[in-house]
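Student: Below are the structure tokens for one structure; questions will follow.
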DNA sequence: CGTCGTATTGAATGGGTTCAAGTAGCGTGG
DNA sequence: CCACGCTACTTGAACCCATTCAATACGACG
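Here you go:
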């Protein structure tokens, strides 16, 4: 745990600006937030179900996921998060966690006490609005995942997840040219989409066989963007990005 | 369309107080909101995907649902809403609708312009926080549904929905004694939980056969609350109710 | 009393799971 | 430098929960 430097909070600014414009004084106020940096290995718990945290975690690097556990080791991954996200922002207003939060890869987190965020929001209501907006986009993504799990085929679900992750990463400068890191296992994908790892494997092969995507190690390449969007019935409206998505 | 009377906004106050305390001046400010009342038949659209509304709808009576449509008439219901809910509150900060909104039963809505809500939130930040909290609870319910659709059996999903609806209705005074109105069809239940109507029917029979619930016309009776909770793996934490749930 | 939407039942089909075994890649330590 | 062990990935085959198709029954309403 070390004190965060100003530049550590830049991902947050980029993220907020991807959903709402910020003034210079707002940017400065964010950079002035006190934060301590936590460095975590892959597959480590950050928060557990029923915890009552007093701070929020801004992701500086790495991937993090939210999840719920059920009987017999069943797991539902609720969301994936990358640099610039605050996956536990809801704890600012909902004191008890109703799910867990854990790293997927090794990650660096900036921990910011609730009280400082509350101060910030009072002094700069515009930032409060941006954060609220962020939680609303979060909810929009949950709705889309629900729809996928409930009504899409395995192949469509996976293609949809890939289209979404690509655009999310692109929005914060972590992807371009229909190519991005995808540091998650097939088991993770299954747990996120309500599928068995076996079926994820077969569906991935089908996706490659159709020439829609390819996987080079941990790099996902979307070979055919329009084709993938069609297979997924993907419509980026729900991401509510300021900038429109690629063709 | 007629001007709303003050008493029409009481459901909203009850709802907000079920998630956060309000001061007397805050209550008065809410009662002072200008609202026009819309009266709708069952099965009518309120908002469509891609709409850009300039007002929010507070439900005064009846049931409303949010939904997404997919290819070949497939439909995913995202949530059910009752008196006191503002199902399109997200439109305050996300200009474009990413889903539809429609009545399930006949309903009365109080329509409140965005600008008036924004004024209110600026004058009373506490109300803003309560509304933000409400959207966060909304998101928590999406997460729980996602988990159910992804990882629970048909029987567990239906039992879970019933437990949830009972507590939501109880919180606003529309249910007690493990008994509530359930004015939705088996098709609606299927569309909400990612099931076919046929399978919903069979699962309902199983639920009745086990003595967990009974249906008397449009009235749902949860005959065995602990048993239903167990079958559903139901844990009310995610509803973030101020008052604890029944044993 | 006919009609339309909802509920119910039976039978065939299928997408996805489960179980089981085998393979590939990679870091670690002897 | 290779053996070892761990984890992720891959493949085959049997099984099952849930869907689809189809027919019938019910019930409210004009």
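Chains as they are written, first to last, in the working numbering: chain A, 1 to 247; chain B, 1001 to 1247.
Think of the CB as a built atom: it goes at the ideal place given N, C-alpha and C, for glycine as much as any other residue.
All values reported here derive from a predicted model rather than from experimental measurement.
(1) On the DSSP bridge list, what partners appear for residue 94 of chain A?
(2) Please determine, among A:35, A:226, A:134, the residue with the shortest C-alpha to C-alpha distance to residue 159 of chain A.
(3) I need the DSSP call for residue 1061 of chain B, collapsed to helix, strand or coil.
(4) Could you have a look at residue 222 of chain A and say whether DSSP puts it in helix, strand or coil?
(5) Could you tell me which residues DSSP puts in a beta bridge with residue 76 of chain A?
(6) Please state the DSSP three-state secondary structure of residue 1099 of chain B.
(7) Anything in the stretch 1092-1116 of chain B with a Cβ closer than 9 Å to a Cβ of chain A? List those residues in chain order, please.
(8) Any beta carbon of chain A sitting closer than 8 Å to that of residue 1139 of chain B?
(9) Return the chain-ordered list of same chain residues with a C-beta closer than 6 Å to the C-beta of residue 1148 of chain B, the five sequence neighbours on each side being excluded.
(10) Judging by CA-CA distance, which residue of A:69, A:93, A:138 is the nearest neighbour of residue 49 of chain A?
(11) For the stretch 120-152 of chain A, enumerate the residues whose C-beta is nearer than 8 Å to any C-beta of chain B, in chain order.
(12) Can you tell me whether DSSP reads residue 182 of chain A as helix, strand or coil?
(13) Looking at the unbroken alpha helix (DSSP H) that takes in residue 1039 of chain B, where does it start and where does it end?
(14) Closer than 7 Å between beta carbons: that is the criterion. Which residues of the stretch 65-90 of chain A meet it against chain B?
(15) When the Cβ atoms of the stretch 116-132 of chain A are set against those of the stretch 72-80 of chain A, are three or more pairs found closer than 8 Å?
(16) Suppose you measure from the CA of residue 34 of chain A to the CA of residue 223 of chain A; what does that come to, to the nearest Å?
(17) Does residue 1233 of chain B have its Cβ less than 8 Å from a Cβ in chain A?
(18) Taking residue 1237 of chain B as the query, report the chain A residues whose CB atoms sit under 9 Å from its CB, ordered along the chain.
(19) Looking at the C-beta of residue 1210 of chain B, does it have a partner C-beta in chain A at a distance below 8 Å?
(20) Rounded to whole angstroms, what's the CA-CA distance from residue 89 of chain A to residue 9 of chain A? Just pull it up for me.
(21) Buried or exposed: where does residue 209 of chain A fall if 16 or more other Cβ atoms within 10 Å of its Cβ makes it buried?
(22) Pairs of beta-carbons, one from the stretch 1053-1063 of chain B and one from the stretch 1102-1121 of chain B, closer than 8 Å: are there three or more?
(23) For residue 11 of chain A, report the span of its alpha helix (DSSP H) as first-last.
(24) So, is the C-beta of residue 1194 of chain B closer than 8 Å to a C-beta in chain A?
(25) Does the beta-carbon distance from residue 1084 of chain B to residue 1038 of chain B come in below 8 Å?
(26) Just the Cα atoms here: how many angstroms apart are residue 1060 of chain B and residue 1172 of chain B?
(27) Just reading off the alpha helix (DSSP H) that residue 143 of chain A is part of, what are its end residues?
(28) What are the residues that DSSP puts in a beta bridge with residue 81 of chain A?
(29) When the cut-off is 8 Å and only beta carbons count, does residue 160 of chain A lie next to chain B?
(30) Can you find the residues in the same chain that come closer than 7 Å, C-beta to C-beta, to residue 95 of chain A, ignoring five residues on each side of it along the sequence?
(31) Chain B partners of residue 240 of chain A, CB-CB under 8 Å?
(32) Specify the secondary structure class of residue 44 of chain A as computed by DSSP and reduced to three states.
(33) At the 8 Å Cβ level, is residue 1015 of chain B part of the contact set with chain A, yes or no?
(34) Among A:203, A:219, A:154, which has the Cα closest to the Cα of residue 177 of chain A?
(35) Can you give me the C-alpha to C-alpha distance between residue 103 of chain A and residue 179 of chain A, rounded to a whole angstrom?
(36) For residue 122 of chain A, count the other beta carbons within 10 Å of its own beta carbon; 16 or more makes it buried, fewer makes it exposed. Which is it?
Tutor: By the coordinates alone:
(1) Against the first chain, residue 94 of chain A aligns to sequence position 94. In the DSSP assignment, residue 94 of chain A forms no beta bridge with any residue.
(2) Counting from 1 along the first chain, the entry for residue 159 of chain A is found at position 159. Residue A:226 is the option with its Cα nearest to residue 159 of chain A.
(3) As a position in the second chain, residue 1061 of chain B is number 61, starting the count at 1. In the three-state scheme derived from DSSP, where H, G and I count as helix and E and B as strand, residue 1061 of chain B is classed as strand.
(4) Position 222 of the first chain holds residue 222 of chain A. Strand at residue 222 of chain A.
(5) Within the first chain, residue 76 of chain A is the residue found at index 76, counting from 1. Looking at the DSSP assignment, residue 76 of chain A forms a beta bridge with A:68.
(6) The count along the second chain starts at 1 and reaches residue 1099 of chain B at position 99. Reduced to three states, the DSSP call for residue 1099 of chain B is coil.
(7) Within the stretch 1092-1116 of chain B, contact with chain A at the beta-carbon level (separation under 9 Å) is assigned to 1092, 1093, 1094, 1095, 1096, 1097, 1098, 1099.
(8) Along the second chain, read from residue 1 onward, the residue named residue 1139 of chain B stands at position 139. By this cut-off, residue 1139 of chain B is an interface position.
(9) Taking the first residue of the second chain as 1, we reach residue 1148 of chain B at position 148. Here the set comprises 1157, 1160.
(10) For the purposes of this step, residue 49 of chain A is taken as residue 49 along the first chain, with counting starting at 1. Measuring C-alpha to C-alpha distances from residue 49 of chain A to each of A:69, A:93, A:138 identifies A:69 as the nearest.
(11) Going along the stretch 120-152 of chain A in chain order, one finds 122, 125, 128, 129, 132, 133, 135, 136, 137, 138, 139, 140, 142, 143, 144, 145, 146, 147, 149, 150, 151, 152 with a Cβ nearer than 8 Å to chain B.
(12) Mapped onto the first chain, residue 182 of chain A falls at position 182. Here residue 182 of chain A carries a coil assignment [DSSP, helix/strand/coil].
(13) Counted from its first residue, the second chain places residue 1039 of chain B at position 39. Segment 1036-1040 is the beta strand (DSSP E) holding residue 1039 of chain B; no alpha helix (DSSP H) there.
(14) Shown in chain order are the members of the stretch 65-90 of chain A whose Cβ falls below 7 Å from a Cβ of chain B: 68, 70, 71, 74, 76, 78, 90.
(15) Judged by Cβ distances under 8 Å, the stretch 116-132 of chain A makes no contact with the stretch 72-80 of chain A, as fewer than three pairs qualify.
(16) Indexing the first chain from 1 puts residue 34 of chain A at position 34. Indexing the first chain from 1 puts residue 223 of chain A at position 223. Between residue 34 of chain A and residue 223 of chain A, the C-alpha separation is close to 43 Å.
(17) Sequence index remark: in the second chain, residue 1233 of chain B carries index 233 (1-based). Among the residues facing chain A, residue 1233 of chain B is included, as its CB has a counterpart in that chain under 8 Å away.
(18) Within the second chain, the letter at position 237 stands for residue 1237 of chain B. Chain A residues near residue 1237 of chain B: 49, 50, 96, 97, 98.
(19) Your numbering for residue 1210 of chain B matches position 210 in the second chain. The Cβ of residue 1210 of chain B sits no closer than 8 Å to any Cβ of chain A.
(20) As a working mapping, residue 89 of chain A is identified with position 89 in the first chain. As a working mapping, residue 9 of chain A is identified with position 9 in the first chain. Straight through space, the alpha carbons of residue 9 of chain A and residue 89 of chain A are spaced by roughly 15 Å.
(21) Position 209 of the first chain, counting from 1, holds the residue named residue 209 of chain A. Looking at its Cβ environment, which holds fewer than 16 other Cβ atoms inside 10 Å, residue 209 of chain A is exposed.
(22) Segment contact: the stretch 1053-1063 of chain B against the stretch 1102-1121 of chain B, three or more CB-CB distances shorter than 8 Å; contact assigned.
(23) Here residue 11 of chain A corresponds to residue number 11 of the first chain, with the count starting at 1. 10-19 is the extent of the alpha helix (DSSP H) around residue 11 of chain A.
(24) What you label residue 1194 of chain B is simply residue 194 of the second chain in a count that begins at 1. With 8 Å as the cut-off, residue 1194 of chain B counts as an interface residue toward chain A.
(25) Taking the second chain and counting its residues from 1, the one referred to as residue 1084 of chain B is at position 84. Taking the second chain and counting its residues from 1, the one referred to as residue 1038 of chain B is at position 38. Cβ atoms of residue 1084 of chain B and residue 1038 of chain B: not closer than 8 Å.
(26) On the second chain, residue 1060 of chain B is found 60 positions in, with the first residue counted as 1. On the second chain, residue 1172 of chain B is found 172 positions in, with the first residue counted as 1. Going by C-alpha positions, residue 1060 of chain B is about 11 Å away from residue 1172 of chain B.
(27) On the first chain, residue 143 of chain A is found 143 positions in, with the first residue counted as 1. Its alpha helix (DSSP H) spans residues 125-151.
(28) Locating residue 81 of chain A in the first chain gives position 81, counting from the first residue. Under the DSSP definition of a beta bridge, residue 81 of chain A partners with A:64.
(29) Taking the first chain and counting its residues from 1, the one referred to as residue 160 of chain A is at position 160. False, the Cβ-Cβ gap to chain B never drops below 8 Å.
(30) Position 95 of the first chain, counting from 1, holds the residue named residue 95 of chain A. So the list reads 52, once near-sequence residues are dropped.
(31) Here residue 240 of chain A is taken as the residue at index 240 of the first chain, counted from 1. In chain order: 1094, 1096, 1098.
(32) Working through the first chain from its first residue, we reach residue 44 of chain A at position 44. Residue 44 of chain A: coil per DSSP, three-state reduction.
(33) On the second chain, position 15 is the one that residue 1015 of chain B refers to. The C-beta of residue 1015 of chain B comes no closer than 8 Å to any C-beta of chain A.
(34) Looking up residue 177 of chain A in the first chain gives position 177. Here the closest residue by C-alpha is A:219.
(35) For this step, residue 103 of chain A is matched to residue 103 along the first chain. For this step, residue 179 of chain A is matched to residue 179 along the first chain. Rounded to the nearest angstrom, the two C-alpha atoms are 22 Å apart.
(36) Taking the first chain and counting its residues from 1, one reaches residue 122 of chain A at position 122. Exposed is the call here.
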